[in-house]
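To start, the structure itself, in structure tokens.
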Amino acid sequence: MEFFIDTAEVDKIKELHDMGLVDGVTTNPSLIKKAGRDHEQTIKEISSFVKGPVSVEALSEDAEGMVKEAEEYVKWGHNIVVKIPMTPEGMKAVRKLAKKNIKTNVTLVFSPLQALIAAKAGATYVSPFIGRLDDIGHVGMDIIAQIRDIFDNYGYETKILAASIRHPTHVLDSALIGADVATVPPEILKKLFNHPLTEIGLKKFLEDAKQWKKE
Ligand code: G3P
């Protein structure tokens, strides 16, 4: 399973990159706003050291505008993937971009049928938002499983990118179901290291080693 980092904060991406945990990055307008920096400069900087895909969101509401934005974004780095919203105009744009070999990530996906439409349009990735479904009393993880089944039934190559991840269990369940990628906020990715038995075990080993360890 690939890990993408769901942030536009360069320092946080670098920290995880040094641990070999960054297979790609996803951004959106809210994450760019949170990072508080210029959109283009931020994406260019991320793209300069991250080898894998860096998702950048198109902001137009019509297909023509989205395609124009995408053509500009791909000049920002060798690994740009254009985020396109799950709308009829968005799907027109995805079809056109696929023909131009520009990779897309269909965002704001909340149902397996939306994911099927995106795959039929030729999306490179679909991003089901698990946490936001949980927030309204649905079981977000169910749609990851349904999308996996649908894509496997028909051999769609569109990758499932589990998004809106709020806690480590979302990552675990996505991996068990077979999502291709989880895009994870840095704070949550760091939590995956933790286990109290690791801490207790390490403390004991270090204490025992004091007997012979030279000062
Ligand atoms: O990449 C976008 C997605 O992960 C959003 O997450 O927490 O704003 O629902 P959230």
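Just so we're aligned, residue 182 is where the sequence shown starts under our numbering, counting upward by one.
Ideal placement from N, C-alpha and C gives every residue a C-beta, glycine not left out.
Got a sec: does the ligand G3P put a non-hydrogen atom nearer than 8 Å to the Cβ of residue i?
i: Asp-187; result: yes
i: Leu-212; result: yes
i: Ile-328; result: no
i: Ala-344; result: yes
i: Ser-308; result: yes
i: Thr-413; result: There is no way to answer for residue 413, as the model of the chain reaches only from 182 to 396.
i: Pro-366; result: yes
i: Arg-347; result: yes
i: Gly-205; result: no
i: Arg-313; result: yes
i: Asn-334; result: no
i: Thr-288; result: yes
i: Lys-375; result: Contrary to the premise, residue 375 reads as Asn rather than Lys in this sequence. No.
Give every residue of the same chain whose Cβ lies closer than 6 Å to the Cβ of residue i, excluding the five residues on either side of it in the sequence, and list them in chain order.
i: Met-267; result: Val-287, Leu-289, Val-290 and Gln-295
i: Gly-321; result: Ile-311, Leu-314 and Asp-315
i: Ala-326; result: Ile-358
i: Lys-277; result: Val-248
i: Leu-297; result: Ile-331
i: Leu-398; result: Past the edges of the chain, shown from 182 to 396, lies residue 398, and the structure says nothing about it.
i: Ala-299; result: Val-287 and Val-307
Do you know how far the Cα of residue j is from the Cα of residue i?
i: Glu-190; j: Val-235; result: 13 Å
i: Met-200; j: Asn-375; result: 15 Å
i: Gly-217; j: Ile-283; result: 27 Å
i: Val-307; j: Asp-389; result: 50 Å
i: Asp-192; j: Leu-378; result: 29 Å
i: Gly-233; j: Asn-209; result: 17 Å
i: His-220; j: Lys-394; result: 51 Å
i: Ser-211; j: Glu-252; result: 22 Å
i: Lys-391; j: Lys-215; result: 45 Å
i: Gln-222; j: Val-275; result: 25 Å
i: Gly-303; j: Arg-329; result: 16 Å
i: Ile-213; j: Thr-339; result: 26 Å
i: His-337; j: Asp-361; result: According to the sequence provided, residue 337 is Tyr. The question's His does not apply to it. Whole-angstrom Cα-Cα distance: 12 Å.
i: Ala-239; j: Asn-334; result: 30 Å
i: Thr-188; j: Lys-281; result: 27 Å
i: Pro-407; j: His-351; result: There is simply no residue 407 to check, as the chain begins at 182 and stops at 396 in what is shown.
i: Phe-184; j: His-319; result: 24 Å
For residue i, I'd like the list of residues in its chain whose CB is within less than 7 Å of its CB, leaving aside the five on either flank, ordered along the chain.
i: Ile-261; result: Ser-228, Val-235, Val-237, Tyr-254 and Val-255
i: Lys-273; result: Ala-244
i: Asp-354; result: Met-322
i: Glu-196; result: none
i: Glu-226; result: Val-191
Kindly list the residues whose CB is nearer than 8 Å to the CB of residue i, restricted to its own chain and excluding five residues on each side of it in sequence; keep chain order.
i: Ser-241; result: Met-247, Lys-249 and Glu-250
i: Ala-356; result: Met-182 and Ala-363
i: Val-231; result: Ile-194, His-198, Val-203, Gly-205, Val-206 and Asn-260
Would you call the CB atoms of residue i and residue j closer than 9 Å?
i: Ile-331; j: Gly-359; result: no
i: Thr-285; j: Lys-301; result: no
i: Ile-317; j: Ser-292; result: no
i: Ile-224; j: Gly-271; result: no
i: Thr-305; j: Ala-343; result: no
i: Leu-370; j: Ile-186; result: yes
Does the CB of residue i have a neighbour CB from chain B at under 9 Å?
i: Arg-276; result: Chain labels in this structure do not include chain B; a single protein chain is all it has.
Any chance the region 380-389 sits against the region 358-370, with 3 or more Cβ pairs inside 8 Å?
-> no
For the 8 Å Cβ check, are there 3 or more pairs between the region 342-349 and the region 304-312?
-> Because the criterion of three Cβ pairs below 8 Å is met, the region 342-349 and the region 304-312 touch.
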